[in-house]
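In our numbering, the protein residues as written are 34 to 179.
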């Protein structure tokens, strides 16, 4: 404990959103913690933000009030229907798109399967989508090119 052997940083590359007027930020489970700063930044830039967060059940819901403050609309889904909307975040996004919401950008952070389903949905509609590769990358190794 008397000295630091190694120190690495800063790591990664900042997200550049481009020209965005309306965005959907999606957090799945603990991915909600990583989605929060994305929603906060977009909201601070004047982007209309619809945030969708999803959890297995009501006991696992996190950051609801924080997300509400940086979102124009917040949708909370639980797999088992124990809180707010019953279903998956991808179901909520699909419904919003079908209702005529036109997103310039979707940011999805959470389990790989969720990000894949969201990406497939947004691809069908030609919506630019950013996902987090953290679950399959080894941070700090240069593997990502950051």
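Glycine residues also receive a C-beta, built at the ideal position from the N, C-alpha and C atoms.
Source: prediction; values computed, not measured.
The C-alpha of residue 100 lies about 16 Å from the C-alpha of residue 91. Residue 35 has its alpha-carbon roughly 42 Å from the corresponding atom of residue 50. With a cutoff of 8 Å on beta-carbon distance, residue 139 and residue 122 are scored as not near each other.
Secondary structure note for residue 55: its beta strand (DSSP E) is the uninterrupted segment 55-61.
Selection 125, 133, 119, 98 evaluated against residue 141 yields 125 as nearest (Cα-Cα).
Membership of residue 48 in any beta strand (DSSP E) is not indicated, and neither H nor E is assigned to it by DSSP.
The alpha carbon of residue 167 has as its nearest neighbour, out of 143, 107, 87, the alpha carbon of 143. C-alpha of residue 83 to C-alpha of residue 39: approximately 40 Å in a straight line.
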